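Chemist:
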Amino acid sequence: MDKGPSALERVWSIPTLHDAIISLVPPECIPNLALVNKSFFEPVIKHKYKSCGQHDYERVMKKCKAQERKLLYRNSIKVLRLEKSTLASHPARWAKLFDSLPNLKTVTYEEVELSKETNNDVCGETSQSKFSFEYSYSYSESLGMRTDKRIKRRVGIPNAYNQKMDYSLAIGPMLIYDLLVQGQNGNPHIQMEIKRKMLERIRFISNSSKWLTICVPFENSHLLDIYTKLIQEGFQTPDAITLTSCDESLPDLLEIIGGRLLFLSILTWRNEPNQLTFESLCERVGWERLEKLAFLNVSCTRYPPSDDVLQEGFDHDDHDYVVNSDTTTTTLVGNRKALSGPPRLSFFSLSIVYPVDIILSPIQLENEKRYIRQMAHIVYQLTIRRILTKLDQYEEMIRLLVLHSMKDGDRGPFRTAVFNDEFNKVFLEAIKEKIEDGTRKMEGRGAGSG
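First residue of the sequence shown: 265, per this note's numbering; consecutive thereafter.
1. Quick check: what's the CA-CA separation for P481 versus I521?
2. On a Cα-Cα basis, can you pick out the residue from E632, R548, E398, F612 that is closest to Y618?
3. For E576, decide whether its Cβ has a neighbour in chain D, counting only Cβ atoms nearer than 9 angstroms.
4. Based on the DSSP output, what are the partners of T372 in its beta bridges?
5. From which residue to which residue does the alpha helix (DSSP H) around I415 run?
6. Going by C-alpha to C-alpha distance, which of L603, E555, V690 sits closest to L629?
7. Who does L507 pair with in a DSSP beta bridge?
8. Out of V549, I622, D572, point me to the one whose CA is closest to P606's CA.
9. Measure the alpha-carbon distance for L365 versus F527 and round it to whole angstroms.
10. Use the C-beta contact count for Q318: other C-beta atoms within 10 angstroms, 16 or more gives buried, fewer gives exposed.
11. Answer yes or no: do Y399 and S432 have a C-beta to C-beta separation smaller than 9 angstroms?
12. Identify, in the order they occur along the chain, each residue of the same chain with its Cβ nearer than 6 angstroms to the Cβ of M438, setting aside the five sequence neighbours on each side.
13. Could you pull out every residue in the same chain whose Cβ sits closer than 6 angstroms to the Cβ of N367, ignoring the five residues on either side in sequence?
14. How long is the line joining the alpha carbons of Y373 and K348, rounded to whole angstroms?
15. Output the boundary residues of the alpha helix (DSSP H) element that contains V324.
16. Tell me the residue span of the alpha helix (DSSP H) that contains F468.
17. Where does S287 fall in DSSP's three states?
18. Tell me which same chain residues have a C-beta within less than 7 angstroms of the C-beta of G673, skipping the five on either side of it?
19. State the Cα-Cα distance for the pair I616 and A330, rounded to the nearest angstrom.
20. Using only the alpha-carbon positions, how far apart do Y221 and H486 sit?
21. Let me confirm a value: G598 is counted as buried when at least 16 other C-beta atoms fall within 10 Å, else exposed. Which label applies?
22. With DSSP run on the structure shown, which of helix, strand or coil describes F542?
23. Classify R323 as buried or exposed, calling it buried when 16 or more other Cβ atoms lie within 10 Å of its own Cβ.
24. On a Cα-Cα basis, can you pick out the residue from V376, I530, Y337 that is closest to R345?
25. According to the Cβ coordinates, are D503 and L531 closer than 9 angstroms?
26. Determine the burial state of T280: buried for a count of at least 16 other Cβ atoms within 10 Å of its Cβ, exposed for fewer.
27. How is S563 classed by DSSP in three states: helix, strand or coil?
28. Pull up the distance between the alpha-carbon of R274 and that of F304, whole angstroms please.
29. Whole angstroms are fine: how far does the CA of I309 sit from the CA of R634?
30. Rounded to a whole number of angstroms, what is the C-alpha to C-alpha distance between F362 and K369?
31. Report the rounded CA-to-CA distance for E381 versus F397, giving the unit in angstroms.
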């Protein structure tokens, strides 16, 4: 009796689902996936060539002899990226590419993009296609009290082209200086003025920043308010953001802006109140929902416990490592929930900054090594999806920087070099142990199922 297709086969037969599954596979593994069997070949080709470079397209057309296979390649391409060539330098010729590539939607070259829109008439028959050119360019500025000019269209671009601006905004010392010159003292008042000015600027130019860089102390609760309002008004959230605070509002902020984020950098190099520990940050953020995040950089201060504190022997079940405070105790609490990291995370950097003039005693040094191992276990959980597909490259994907305060003068670089070398060995050894342990468990399950 025919039982029909299995659950796996039914899932794989749905184009949107198998495309989503393939998108989680590392690019270097996709060619091998196409060779598994016939049911894999067509979905993999459609995914791989969905966005294709001109030279790759020309090469595969020259190499491929079977007309049926050529048609599959042509039908797969939706975005064609032109490279330097005679064709690329003559945009007027690009429209002809749509005749040979049935599903092509966009042709791009450097800052110029040609798109095709096709409308269906009432009877469902295809009407005449409409082509439109778009010119994209970048514009960056640092916000100040006198930043109020309108950004003009680029000159020399054909009038028929739509112009799209990728806007980058930095909040830096210049704005703080302007506020102080105006006599606006007091941190709460300055924070509110930064918030007001940032909202005012984005609304004025009708363009939300694609890259936002915060270079001064600024609470994430203000950014949460800003982006809640901007999202309601139809603005997009950033692709990249650099923050200077790791406070209680950060998980909520990432909840509303995380969907588009490719780059996230959190630089908390000051001992400030209400800052989350590194462990708390990792546990409270829904990392798996940051689906596009590829680069994650976290910096935090570290205040080692004294010999007296260590010798007292705290109850390890009642205390936690506090990364951003000088009340750090001796060990991390065990039995924490398992973490799930961003599915596309390809690089993680953790910087731990020690105070000025720190000299560790033997007992402190051993405790710091235990601390580093605990940090490695957390980082491993966040990056496991990528590590398991790139075992020979994990040292390039994960970076630990052990630094000293910038106030440490000439001795800082020497201290940093010594600490960094010793603690990096501990960090990478702990990661390697987790990898080997995970590999053994996977092999054990495989043997058991066989």
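Think of the CB as a built atom: it goes at the ideal place given N, C-alpha and C, for glycine as much as any other residue.
Keep in mind it's a predicted model, so treat the numbers as computed, not measured.
Modeler: To lay it out plainly:
1. Against the sequence shown, residue 481 aligns to sequence position 217. Against the sequence shown, residue 521 aligns to sequence position 257. Within the model, the alpha-carbon separation for P481 versus I521 is close to 20 angstroms.
2. The count along the sequence shown starts at 1 and reaches residue 618 at position 354. If we check each option's Cα against that of Y618, E632 comes out closest.
3. Protein chain content of the structure displayed is limited to a single chain, and chain D is not contained in it.
4. Residue numbering aside, residue 372 sits at position 108 when the sequence shown is read from its first letter. R345, E377.
5. In the sequence shown, counting from the first residue as 1, residue 415 sits at position 151. It is not in any alpha helix (DSSP H) - I415 carries neither H nor E in the DSSP assignment.
6. If you number the sequence shown from 1, residue 629 lands on position 365. Selected option, being the one with the closest Cα: V690.
7. One-based indexing of the sequence shown puts residue 507 at position 243. I530.
8. Counting from 1 along the sequence shown, the entry for residue 606 is found at position 342. The shortest C-alpha separation from P606 is found at V549.
9. If you number the sequence shown from 1, residue 365 lands on position 101. If you number the sequence shown from 1, residue 527 lands on position 263. Looking at the backbone, the Cα of L365 and that of F527 are separated by about 34 angstroms.
10. Residue 318 sits at position 54 when you count from the first residue of the sequence shown. When all chains shown are included, Q318 counts as buried.
11. Translated into positions along the sequence shown, residue 399 becomes position 135. Translated into positions along the sequence shown, residue 432 becomes position 168. Not a contact, by the Cβ cut-off of 9 angstroms.
12. Here residue 438 is taken as the residue at index 174 of the sequence shown, counted from 1. S406, G408.
13. Taking the sequence shown and counting its residues from 1, one reaches residue 367 at position 103. These residues qualify, in order along the chain: N339, K342.
14. The residue labelled residue 373 in the question sits at position 109 within the sequence shown. The residue labelled residue 348 in the question sits at position 84 within the sequence shown. Spanning the two alpha carbons is a distance of roughly 8 angstroms.
15. Here residue 324 is taken as the residue at index 60 of the sequence shown, counted from 1. V324 -> alpha helix (DSSP H) spans 318-327.
16. The residue given as residue 468 occupies position 204 in the sequence shown. Annotation for F468: the continuous alpha helix (DSSP H) segment containing it runs 451-469.
17. Residue numbering aside, residue 287 sits at position 23 when the sequence shown is read from its first letter. Taken through DSSP and simplified to helix, strand or coil, S287 comes out as helix.
18. The residue given as residue 673 occupies position 409 in the sequence shown. Low per-residue confidence applies at G673: pLDDT is 49, beneath 50, and the placement is therefore not dependable, though the value from the model is reported in the following sentence. Excluding five sequence positions before and after G673, none of the CB atoms of its chain fall closer than 7 angstroms to its own CB.
19. Along the sequence shown, one-based indexing puts residue 616 at 352. Along the sequence shown, one-based indexing puts residue 330 at 66. Cα to Cα, the separation comes out at about 57 angstroms.
20. It is not possible to answer for residue 221, since the shown part of the chain is limited to 265 through 714.
21. As a first step, residue 598 is located in the sequence shown; it is residue number 334 there, counting from the start. Residue confidence for G598 is low, a pLDDT of 46 falling below 50, so the modelled location carries little weight; the figure read from the coordinates is stated next. The residue in question, G598, is exposed, as its Cβ has fewer than 16 Cβ neighbours within 10 Å.
22. Looking up residue 542 in the sequence shown gives position 278. If DSSP states are grouped into helix, strand and coil, F542 belongs with the helices.
23. The count along the sequence shown starts at 1 and reaches residue 323 at position 59. Around the C-beta of R323, fewer than 16 other C-beta atoms lie within 10 Å, and the residue is accordingly described as exposed.
24. As a position in the sequence shown, residue 345 is number 81, starting the count at 1. The shortest Cα separation from R345 among V376, I530, Y337 belongs to V376.
25. As a position in the sequence shown, residue 503 is number 239, starting the count at 1. As a position in the sequence shown, residue 531 is number 267, starting the count at 1. In this structure, D503 lies away from L531, with their beta-carbon atoms at least 9 angstroms apart.
26. Looking up residue 280 in the sequence shown gives position 16. When all chains shown are included, T280 counts as exposed.
27. Looking up residue 563 in the sequence shown gives position 299. The answer is strand: DSSP assigns S563 an E or B state.
28. By one-based count along the sequence shown, residue 274 stands at place 10. By one-based count along the sequence shown, residue 304 stands at place 40. If I take the Cα positions, the gap works out to 13 angstroms.
29. Residue 634 sits at position 370 when you count from the first residue of the sequence shown. Residue 309 sits at position 45 when you count from the first residue of the sequence shown. Distance between the alpha carbons of R634 and I309 is about 47 angstroms.
30. Taking the sequence shown and counting its residues from 1, one reaches residue 362 at position 98. Taking the sequence shown and counting its residues from 1, one reaches residue 369 at position 105. Cα to Cα, F362 sits roughly 8 angstroms from K369.
31. Residue 381 sits at position 117 when you count from the first residue of the sequence shown. Residue 397 sits at position 133 when you count from the first residue of the sequence shown. Per the coordinates, the alpha-carbon of E381 lies some 11 angstroms from the alpha-carbon of F397.
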